[in-house]
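As numbered in the working numbering, residues 550 to 1151 make up the sequence shown, in order. Idealized CB from N, CA, C, for every residue including glycine. Notes for the one structure printed next.
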Amino acid sequence: MPAAIDHRVVYNNCIQYLELYINDLAAIQDEVFNVFKEQFKLEQICEPTSSPKYLTVMSKFVAVCAERGDIYKNVMKCYTLWKDKLEPHVKDCSKKHMYAVLPLRLAACFFLNGDYYKALLCLRHSIRLEHKSLALRIMALRWSVYLGEWEMLEMALEFEKLKPPKSAGDNDSVTAQLLFATEIAKNFLDFNRDHKSRPICAKRILELTNEINADTRTTFHTFESQLFANWICSQLPKVGNFRVDDLEFLDSFNCLHRAVSKAEGVMKNRVNGIQKENVQLEFKKAATDPTDFMKVCSSVAECCDIRRDYSIELLNVGLIGDSAANCQLGLWGALRTGVLFRTQQFVNMNTLIRLCVVHPDFKNDLPNCLEMMRSMYSSEYAQSKNSLFGCSKKKPAEVTFSDEAPADIESSLARNATAKSPSRAMQKSVAASIMESFEELRLESTKTPPRGRSPGRVASKFIDSFHELTLSETKSYLHELSENCCCSVCEFCKVNYNAAFEYWFSSFLYESMSDAAIQAVEENFHAIRAQVAVEQRAVLGKKVKPRPPTTMCETLAMCAVRWLRRLEDSSWDRENAKLKALRDGVVKSALKASGVGVRVHR
């Protein structure tokens, strides 16, 4: 008969796994900071011409991650131990509050890495174990709204109804923030769920937003309430055919701008140095207090996601320079955190802008962005003693602390066989193709050119072909996700749905929004949706049918629109049955995703 597991021993092992992760992440941040300090002056952060400097920092980031190996595995080991070994046994014990710190630290790590459903589950566990922390209850409300998970929001609102906070007087700003978040979240929920009550709910949301915007106190609680309210207001006009004669919405663009400004203010003050060129992050210091660590990681996640939304909005309305500056600033902060997913977000956004606009400064910068993307998924550093960002079959050594702690974790998500992009035809080498083109050019120049076939035209054709060949050869170097690969990128994307879909967004951009790339995006949207449904059911309950994650839906729709525009601009052959079927399938998937994906429609 197996010996009983000592829960405190397993708990301590879990804490040590998280300490390993935090120490490794802090080391990466320090190394990246040193390169930033060498490369940048503060005024260069948002300049389009700074991409070569960012490329240098990216190379260092990838190389340092090579030395550290897959650091996220320690978070996943801790999560598996907590979910399977500890939480079922301690949730009803008399001293359950003593265990609340562990899921709180886990939730912080997951929020930082964009692994939101694991974060919500751990956050809910922590609140159940210690419900007196009002800050955590505020975060549960806000993140349920951000993710458009109305069932989770209903559970959080029901909890607030059963256990309302006890106010400590007029100066109790935390209680006031919780009450504000509860009221505006409830109205936003009713606005989405009950069409008949939309006018009343919208009016109350606008009243609450105007009230909090008039608050001039420069406190965390005020800024967080303002960013939350203004983000909600920015979503209201997205509801189709909703108009009220005596109700005028706040301008959604200005609301989003105000939300970004407040989110940035919160993040800069929570994470000292994240937007200063000569100050190191005090990440390890922040991690010593679990609640502060949670606030730090949540504020980074909020700021990154809202800045991304704002950058897309700026691009859509034609404010290209402002959009690019916001993306550059986002990339600065993402690299400073040392987190791959946050870096993916803003490398992709910077590349999207340079693919979609005709301004020469941005067009000329496109090769730098593509190289940054290639480097981010590169296999160049696979010779490290540990496996890393490239393709390596060698498994890194496992770290164990006691016999009670399992040596390996089983992934909670099964890897879908369709995760690989469509196979591409083998390319002949660039060198061989160049030699053939030069030989053609030489032969043409020795003869009398027929009409329309001058050496100049041949040379022009050669230059175009060389550009296409070079881009084609470059494509083949983008590391492809594989269920058999043990590199950090593949391992990370196997367990993090947001990172996995950002990879396919990267692939779509890297391949110049090609037909094969949009097909891969669409196929993997469905594959990743099926995988993340397991995590969603853990949070929402088995009776709830999970919807696709909101950000994934919005990214799919954005890819579809860009690809359709490229298709129409190319005067495609409408008799091509294969291409027509692809177009119809992409449109169908995008429309379906948009119908459930826009937050106010879910």
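Compute the Euclidean distance between the alpha carbons of residue i and residue j, then round it to the nearest angstrom.
i: S801; j: D858; result: 12 Å
i: E1032; j: A1048; result: 15 Å
i: E1040; j: K834; result: 28 Å
i: D721; j: L683; result: 11 Å
i: K752; j: A778; result: 13 Å
i: F708; j: P714; result: 11 Å
i: N583; j: N875; result: 23 Å
i: R654; j: H646; result: 14 Å
i: N736; j: Q893; result: 34 Å
i: L670; j: F660; result: 11 Å
i: E703; j: H680; result: 17 Å
i: D1064; j: A1130; result: 11 Å
i: V559; j: L569; result: 15 Å
i: K1141; j: K1094; result: 16 Å
i: E759; j: N572; result: In the sequence as displayed, the identity of residue 759 is Asn instead of Glu. Their Cα atoms are separated by approximately 43 Å.
i: L863; j: P597; result: 16 Å
i: E756; j: R807; result: 16 Å
i: A812; j: V624; result: 26 Å
i: K712; j: V650; result: 21 Å
i: I781; j: C750; result: 12 Å
i: P909; j: G697; result: 39 Å
i: V1088; j: M701; result: 7 Å
i: L567; j: R792; result: 50 Å
i: T837; j: V849; result: 17 Å
i: S643; j: A576; result: 38 Å
i: K1024; j: L1030; result: Residue confidence for K1024 is low, a pLDDT of 46 falling below 50, so the modelled location carries little weight and cannot support an answer.
What first and last residue would you give for the alpha helix (DSSP H) that runs through residue i?
i: H646; result: Here H646 belongs to no alpha helix (DSSP H), and DSSP marks it neither H nor E.
i: Q877; result: I869 to T886
i: P637; result: E636 to V639
i: I761; result: R747 to N762
i: F1074; result: D1064 to L1089
i: S1138; result: A1126 to G1146
i: F772; result: F769 to Q784
i: W699; result: W699 to L711
i: E732; result: S722 to R742
i: H806; result: S801 to R819
i: A684; result: L683 to Y695
i: Q593; result: No alpha helix (DSSP H) holds Q593; DSSP gives it neither H nor E.
i: S1037; result: S1037 to V1044
i: P916; result: L915 to M925
Which same chain residues, not among the five before or five after residue i, have their C-beta less than 7 Å away from its C-beta?
i: W699; result: L738, N741, R742 and R1151
i: C1108; result: F1054, F1057, I1067 and V1070
i: C595; result: A874, Q877 and L878
i: V1081; result: Y666, Y1046 and P1098
i: V845; result: R819, V820 and A835
i: C1134; result: Sequence check: residue 1134 is Gly here, not Cys. Same-chain partners within the cutoff: E1071.
i: L901; result: L1058
i: L799; result: L755, T758 and C782
Are residue i and residue j close, meaning C-beta to C-beta below 7 Å?
i: L1027; j: Y1059; result: yes
i: S774; j: I761; result: yes
i: S1120; j: D914; result: no
i: V815; j: F772; result: yes
i: L1105; j: F1074; result: yes
i: L904; j: Q578; result: no
i: A656; j: L672; result: yes
i: I869; j: V906; result: yes
i: F890; j: L880; result: no
Which same chain residues, not among the five before or five after residue i, have their C-beta less than 8 Å away from its C-beta?
i: V639; result: H556, K645, Y648 and L678
i: T840; result: L653, S682, A684 and L685
i: A963; result: Legend: pLDDT at A963 = 38, less than 50; position of this residue unreliable, value from coordinates given subsequently. Closer than 8 Å at Cβ, skipping near neighbours: Q1080.
i: V581; result: V606, K609, F610, V613, L884, R885 and G887
Only counting the same chain, and skipping five residues up and downstream in sequence, which positions put a Cβ closer than 6 Å to that of residue i?
i: M1101; result: F1050
i: A1126; result: none
i: R619; result: Residue identity differs from the one stated: residue 619 is Asp in this sequence, not Arg. Excluding residues within five positions, the ones whose Cβ falls inside 6 Å are S1037 and E1040.
i: W1112; result: M1062 and I1067
i: S746; result: D739
i: S860; result: S872, N875, C876 and M898
i: L706; result: K735
i: R617; result: D573
Inset, instruction - Determine contact between the stretch 784-798 and the stretch 763-773, defined as no fewer than three beta-carbon pairs at a distance below 8 Å. - result: No: the two stretches stay apart, fewer than three of their Cβ pairs being nearer than 8 Å.
Inset, instruction - State whether the stretch 555-564 contacts the stretch 622-630, with contact taken as three or more CB pairs (one from each stretch) at a distance under 8 Å. - result: Counting Cβ pairs under 8 Å, three or more are found: they touch.
Inset, instruction - Answer yes if the stretch 878-894 comes into contact with the stretch 845-860, meaning at least three C-beta pairs across the two stretches below 8 Å, and no otherwise. - result: Inter-segment contact for the stretch 845-860 and the stretch 878-894 is present: three or more beta-carbon pairs are separated by less than 8 Å.
Inset, instruction - Inspect the CB distances between the stretch 684-691 and the stretch 915-929 and report whether three or more fall short of 8 Å. - result: The stretch 684-691 makes no contact with the stretch 915-929, as fewer than three CB pairs between them are under 8 Å.
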